[in-house]
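Take a look at the structure set out below.
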Amino acid sequence: MRAVVEQIQQTYDLQVSGYYSQLQLVEEFLLHERELSLETDTNKSFFEAWEKESESTLIFLQENGQAISAGGTKMRIDMPSKFLLDLKNGYNIGKLVRLDYDQEKKDGYLVAIPCQEYTINGETYTAIGTVYDHSKLDSMLKLKGYDGKAYLFMLDYDGNITYTNLSGDKYQRNYSLLKHLKGEQAITEEEADLFKKKFDNRESGVALLGKQNPYYLGYCPIESNNTILVCIVEKGVVDNVLMDYQKTVLFTTILMAGFILLLFAGLFYSISRLSLADQKAEYEKRNNDLHLQTMKEMEVVNQKLKKAKNAATEALQTAENANKAKTDFLSNMSHDIRTPMNAIIGITSLIRHDAGDKAKVIEYADKIDISSQHLLGIINDVLDMSKIEAGKTVFKYSDFSILDFMQELDTIFHSQIYEKQQTFTIIKENIQHEWVNGDQVHLMQIFSNLLSNAIKYTQEGGKIQLLVEECETKSSVYAKYRFLVSDNGLGISADFKKTIFDPFTRAESSVTNKIQGTGLGMAITRNLVEAMGGTIDVESELGQGSCFEVLMDLKIAEDRTVALAAQEETDEQDGNILQGMRFLCAEDNELNAEILTELLKIEGAECTICENGEEILKAFEQSAPGDYDMILMDIQMPVMNGYEATKAIRRSSHELAKKIPIIAMTANAFSEDIQHSLAAGMNAHVSKPVEMKVLEKTIRSIKSGGGGYRTAGY
Numbered sequence: 016m017r018a019v020v021e022q023i024q025q026t027y028d029l030q031v032s033g034y035y036s037q038l039q040l041v042e043e044f045l046l047h048e049r050e051l052s053l054e055t056d057t058n059k060s061f062f063e064a065w066e067k068e069s070e071s072t073l074i075f076l077q078e079n080g081q082a083i084s085a086g087g088t089k090m091r092i093d094m095p096s097k098f099l100l101d102l103k104n105g106y107n108i109g110k111l112v113r114l115d116y117d118q119e120k121k122d123g124y125l126v127a128i129p130c131q132e133y134t135i136n137g138e139t140y141t142a143i144g145t146v147y148d149h150s151k152l153d154s155m156l157k158l159k160g161y162d163g164k165a166y167l168f169m170l171d172y173d174g175n176i177t178y179t180n181l182s183g184d185k186y187q188r189n190y191s192l193l194k195h196l197k198g199e200q201a202i203t204e205e206e207a208d209l210f211k212k213k214f215d216n217r218e219s220g221v222a223l224l225g226k227q228n229p230y231y232l233g234y235c236p237i238e239s240n241n242t243i244l245v246c247i248v249e250k251g252v253v254d255n256v257l258m259d260y261q262k263t264v265l266f267t268t269i270l271m272a273g274f275i276l277l278l279f280a281g282l283f284y285s286i287s288r289l290s291l292a293d294q295k296a297e298y299e300k301r302n303n304d305l306h307l308q309t310m311k312e313m314e315v316v317n318q319k320l321k322k323a324k325n326a327a328t329e330a331l332q333t334a335e336n337a338n339k340a341k342t343d344f345l346s347n348m349s350h351d352i353r354t355p356m357n358a359i360i361g362i363t364s365l366i367r368h369d370a371g372d373k374a375k376v377i378e379y380a381d382k383i384d385i386s387s388q389h390l391l392g393i394i395n396d397v398l399d400m401s402k403i404e405a406g407k408t409v410f411k412y413s414d415f416s417i418l419d420f421m422q423e424l425d426t427i428f429h430s431q432i433y434e435k436q437q438t439f440t441i442i443k444e445n446i447q448h449e450w451v452n453g454d455q456v457h458l459m460q461i462f463s464n465l466l467s468n469a470i471k472y473t474q475e476g477g478k479i480q481l482l483v484e485e486c487e488t489k490s491s492v493y494a495k496y497r498f499l500v501s502d503n504g505l506g507i508s509a510d511f512k513k514t515i516f517d518p519f520t521r522a523e524s525s526v527t528n529k530i531q532g533t534g535l536g537m538a539i540t541r542n543l544v545e546a547m548g549g550t551i552d553v554e555s556e557l558g559q560g561s562c563f564e565v566l567m568d569l570k571i572a573e574d575r576t577v578a579l580a581a582q583e584e585t586d587e588q589d590g591n592i593l594q595g596m597r598f599l600c601a602e603d604n605e606l607n608a609e610i611l612t613e614l615l616k617i618e619g620a621e622c623t624i625c626e627n628g629e630e631i632l633k634a635f636e637q638s639a640p641g642d643y644d645m646i647l648m649d650i651q652m653p654v655m656n657g658y659e660a661t662k663a664i665r666r667s668s669h670e671l672a673k674k675i676p677i678i679a680m681t682a683n684a685f686s687e688d689i690q691h692s693l694a695a696g697m698n699a700h701v702s703k704p705v706e707m708k709v710l711e712k713t714i715r716s717i718k719s720g721g722g723g724y725r726t727a728g729y
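Read in order, the letters of the sequence shown correspond to residues 16 to 729 in this note's numbering.
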């Protein structure tokens with residue numbers, strides 16, 4: 016009987032896991048929607064198809080038990096608050112419930128999962144569920160055998176019935192099974208307490224109970240929704256089933272024994288009739304067949320050994336190629352890192368020598384800045400490739416303008432193009448949807464890599480072109496864009512074109528060897544494009560220039576041109592927003608603290624430095640409202656880190672605990688680091704090295720009601 020209970024439990028787990036997966040599919044479809052409309056054609060079509068496929072009703076639930084169906088019908092779900100609390104705490108649930116809607120009551124089996132918050136018609140919903148007809152669960156858990164006298168129950172860990180195949184309202188309305196058995200004198204008080212402990216400990220087993228009317232009680236936990244499966248069968252029914260089974264086994268054994276005797280008798284008779292010559296011929300035939308079979312098997316084995324040897328040789332060659340590529344990469348990296356480092360160290364010595372010459376000091380500082388930015392780019396490439404290979408790249412989607420994005424690229428690369436006296440042209444064709452939703456940071460990284468290469472590998476006075484074109488598509492949700500980055504520079508050889516998107520590869524020639532790079536930029540670019548659902552290709556001939564094509568679908572967003580224009584006008588009127596501001600800063604590195612203090616001082620701002628999270632928490636709690644306008648928070652600090660300090664500040668009793676803006680200011684610059692900062696209660700994230708223009712832009716965004724993050728260089 017224990018095996019029967021466990022089999023039912025496995026059947027239930029398998030079916031309900033499928034229900035949970037179907038609900039997760041709904042959540043993935045609505046991943047980027049917070050303000051959810053049930054009336055849009057896209058959502059309505061998806062919901063109707065989903066309900067038809069699953070033969071159930073899709074609903075969204077509030078924390079108080081109120082719900083709304085995908086069709087817009089409001090209802091109340093009658094179930095204990097414990098199940099609502101389980102949903103709130105992140106658990107999946109399965110429960111037989113009663114739905115009240117349109118002056119009608121209906122029983123069904125509810126399966127629900129917690130989800131992100133959705134706002135529907137101004138109300139907040141925190142779970143997605145589906146209601147199946149009671150008979151569907153009965154059919155799934157139907158017991159074969161026991162003459163239909165096996166009774167199934169699902170209990171919560173308080174012993175209350177959440178499902179049963181018995182009829183009767185009392186069994187389906189949060190009724191206590193143990194209490195019922197005690198009332199029927201089918202179980203003693205001590206036995207009830209013992210089973211309560213077993214249920215609490217998630218144990219499984221079978222027990223024989225009842226003196227006057229003995230019965231078996233089997234029980235097993237269902238971990239997928241925090242319930243206990245219980246099966247009750249009278250002892251007499253089980254005994255009858257076992258007796259029938261024993262009779263069947265005995266009859267089958269006798270039948271098989273008779274068949275075997277007849278088989279041996281027939282075999283003996285056949286052998287006795289064979290002549291010695293016939294037996295010899297049969298033996299030789301079998302021997303030949305065995306030899307042929309052995310030869311075929313040996314041939315198959317040899318083929319497998321040959322394939323295994325080829326695979327091992329190929330794997331060894333791949334490993335050797337990868338090892339050589341990484342060795343070459345480390346050799347190039349040693350040169351590429353030492354080059355800007357040598358410049359920084361050398362120019363620092365020159366500054367000490369010419370400290371009294373202001374013009375030379377400014378010139379030296381500019382060169383240090385260029386070398387530092389190049390060194391930072393090398394480090395970022397290595398870290399980005401490491402994240403991509405580990406599969407930990409995180410994408411953050413937001414609305415942005417394609418046209419503004421093109422203009423920002425023009426602004427970023429204007430000075431580099433001007434220095435080489437190159438011509439840069441941006442062409443926009445058939446842009447029907449200016450505003451899209453995508454990961455602007457990683458898109459910027461993709462086209463920064465492509466344009467940076469075009470500038471580096473194109474001669475002085477050369478031409479570079481960036482084309483963006485919106486292509487035709489049947490989708491009403493996504494727009495298809497075609498980007499072309501072309502130049503008339505050095506071009507790419509046919510051999511290098513085959514490996515240009517592989518990590519650690521660089522073109523080798525007397526010209527390209529003078530150009531610094533890690534050999535990771537194009538590998539990062541391809542991985543980012545493909546991770547965002549796009550494709551990248553290249554056409555090039557040596558000495559004839561190159562053309563990179565990127566095709567990508569981006570979700571159509573609401574046009575916000577007017578709102579942004581108003582914001583830009585407000586920004587222009589604000590002037591230097593840092594002037595007169597007072598900052599409370601956490602920075603454990605003395606040199607970084609000194610640099611930050613002086614940079615803010617240049618902008619007309621003041622700051623108070625704290626060496627760790629505990630000190631900045633104490634300083635904030637002792638401050639009066641108005642002492643500080645904003646907090647700049649380092650992350651990795653001794654005693655208490657930036658995340659812990661931010662959470663402690665938000666929990667404090669200070670009048671401005673929930674209001675004062677906090678900006679993360681840290682060397683942790685990956686997308687998940689940004690998410691951790693925002694989750695801890697910070698308003699924005701600025702990565703080191705900090706640039707005052709980036710900090711000023713972030714502060715403007717916070718003061719205008721925005722937030723988010725900024726990365727130096729983008």
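The C-beta atom is built at its ideal place from N, Cα and C for all residues, glycine as well.
Under DSSP, F214 forms no beta bridge with any residue. For K633, the enclosing alpha helix (DSSP H) starts and ends at 628 to 637.
Using a 10 angstroms sphere on the CB of N228, the tally of other CB atoms stays under 16, which defines it as exposed. Taking 8 Å as the upper bound for CB-CB distance, A601 and M652 are in contact here, some 6 Å apart.
Annotation: G361 to T612 spans about 26 Å, alpha carbon to alpha carbon. Scanning its chain for C-beta atoms nearer than 6 Å, with the 5 sequence neighbours on each side dropped, one finds around S416 the residues E449, W450, in chain order. Counting only the Cα atoms, Q81 lies some 25 Å from E68.
Under the criterion of beta carbons closer than 8 Å, R597 and D644 qualify as touching, at roughly 5 Å. Listed as beta-bridge partners of G144 by DSSP are I74, A127. For K471, the enclosing alpha helix (DSSP H) covers residues 455 to 471. By the criterion of a C-beta distance shorter than 8 Å, Y658 is surrounded in its chain by I650, H691, S692, A695, once the five residues flanking it on both sides are discounted. Within its own chain, the residues whose Cβ lies closer than 7 Å to the Cβ of T488, once the five positions on either side in sequence are excluded, are A494, K495, listed in chain order.
Between the alpha carbons of V483 and D552 lies a gap of roughly 15 Å. Around the beta carbon of P640, fewer than 16 other beta carbons sit within 10 angstroms, so the residue counts as exposed.
The shortest C-alpha to C-alpha distance from G123 to any of V112, Y133, Q200 is the one to V112. Between the C-alpha atoms of M421 and G87 there is a straight-line separation of about 42 Å. Counting only runs of at least 4 residues, the segment 680 to 711 fully encloses the following alpha helix (DSSP H) elements, listed from N- to C-terminal order: 686 to 695.
In this structure, Y166 keeps its C-beta atom at 8 Å or more from the C-beta atom of S71. Between G144 and L76, the C-beta gap is smaller than 8 Å, which places the two residues in contact. Each residue's CA atom was taken as its position, placing S668 and T623 some 21 Å apart.
Between T438 and K471 the beta-carbon gap is near 16 Å, outside 8 Å, which marks them as no contact.
Counting of Cβ neighbours within 10 angstroms places Y433 among the exposed residues, the total staying below 16.
Secondary structure at M90: strand, using DSSP grouped into helix, strand and coil. When the beta-carbon positions are compared, H457 and L543 come within less than 8 Å of each other. For the 8 Å CB-CB criterion, D454 and F498 do not form a contact. Secondary structure at F516: coil, using DSSP grouped into helix, strand and coil. In this structure, A660 places its C-beta atom within 8 Å of the C-beta atom of I631.
Just measuring C-alpha positions, the residue of K633, M537, G371, T363 sitting nearest D381 is T363. About 6 Å separates the CB atoms of T57 and V492; that is less than 8 Å, so the two are in contact.
Between V709 and M680 the beta-carbon gap is near 10 Å, outside 8 Å, which marks them as no contact. A682 is the residue among A469, A682, G560, M169 whose C-alpha sits nearest the C-alpha of I394.
Closest in alpha carbon position to L40, among F62, L224, V19, is F62. Listed as beta-bridge partners of L569 by DSSP are A494.
The C-alpha of L481 is placed about 6 Å away from the C-alpha of I442.
Taking C-beta atoms as the reference points, Q474 and G504 count as a pair closer than 8 Å. Across the structure, E335 and K712 are spaced so that their CA atoms are roughly 48 Å apart.
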